[in-house]
Amino acid sequence: MFPWLAFGHIRPFAQLARRLVSGEAGVRVTFLTAAGIVPRVEAMLASAAGAVRVLPLSLPQVPGLPTGAASTADVSADGTELLKVALDGTRPEVRALLAELRPDAVLIDFATPWVCDVAAPLGAKVLHFTVFSAASFAYFTVPARLADGQRPSALTARDLMVAPAGFPASSALASVPPHQGAGLVYLYTSFYGYPYRLKNIQPISAAIMYS
Numbered sequence: 001m002f003p004w005l006a007f008g009h010i011r012p013f014a015q016l017a018r019r020l021v022s023g024e025a026g027v028r029v030t031f032l033t034a035a036g037i038v039p040r041v042e043a044m045l046a047s048a049a050g051a052v053r054v055l056p057l058s059l060p061q062v063p064g065l066p067t068g069a070a071s072t073a074d075v076s077a078d079g080t081e082l083l084k085v086a087l088d089g090t091r092p093e094v095r096a097l098l099a100e101l102r103p104d105a106v107l108i109d110f111a112t113p114w115v116c117d118v119a120a121p122l123g124a125k126v127l128h129f130t131v132f133s134a135a136s137f138a139y140f141t142v143p144a145r146l147a148d149g150q151r152p153s154a155l156t157a158r159d160l161m162v163a164p165a166g167f168p169a170s171s172a173l174a175s176v177p178p179h180q181g182a183g184l185v186y187l188y189t190s191f192y193g194y195p196y197r198l199k200n201i202q203p204i205s206a207a208i209m210y211s
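Okay, here's the thing in structure tokens:
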């Protein structure tokens, strides 16, 4: 398991890990996370310590990222994007770990679509585990959200306040208030020359799992 470095994402992954190892004999989970937060992650997994192990990743230093930053709790909003760049820098380490572990499947978050390329030569399935509900994910990511030829970066807060075509009108998510629409624009925003992360992960993962 390789969640994004935010505790709002790590906790659902930890909960799933506990369920997996308690539900079937022989299941083992390896949890990858930044070295600086390993103790906190291990505490979340204490009840499954015999079946889940946490391995530390060394985040490279990125200009502008505070020294020692290991999660979104350590950075500002701008620093969050630099944390993604640092996480990308763990690719060689992750490749080496997967080659050693030879997992049957790798569960990743939205921030690391490149794991699909790393895992493919090993024959491991990559599953995108999203911490959003299926209904929420459908609201802001379905292809119907984009008009013909429209670029995702052209979506506005007003666009995202209204559900996409075909979304059930009876849903509580048929529309959202302005501040939530503005927040959803972030999901389609490119930072530091990288395409927005959801663009890369949805077409290439073997499946999407919802919390």
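Numbering (full-length UniProt numbering), first residue to last: 1 to 211.
For every residue, glycine included, the Cβ atom is placed at its ideal position computed from N, Cα and C.
- Closest in alpha carbon position to M161, among G181, E24, G79, is G181.
- When rounded, the separation of the alpha-carbon atoms in A105 and A120 is 10 Å.
- Sequence-distant partners of R158 (beyond 5 residues in either direction) whose C-beta falls short of 7 Å from its own C-beta, in its chain, are G181.
- Taking C-beta atoms as the reference points, W4 and F110 count as a pair closer than 8 Å.
- Beta-bridge analysis with DSSP links K84 to no other residue.
- Counting along the chain, I108 sits inside the beta strand (DSSP E) bounded by residues 105-108.
- P113 and F191 have their C-alpha atoms some 15 Å from each other.
- Within the same chain, L20, V21, A51 come within 8 Å of V27 by CB-CB distance, once the 5 residues on both sides are set aside.
- Nearest in C-alpha terms to G79, of all of P63, E93, A163, L16, is P63.
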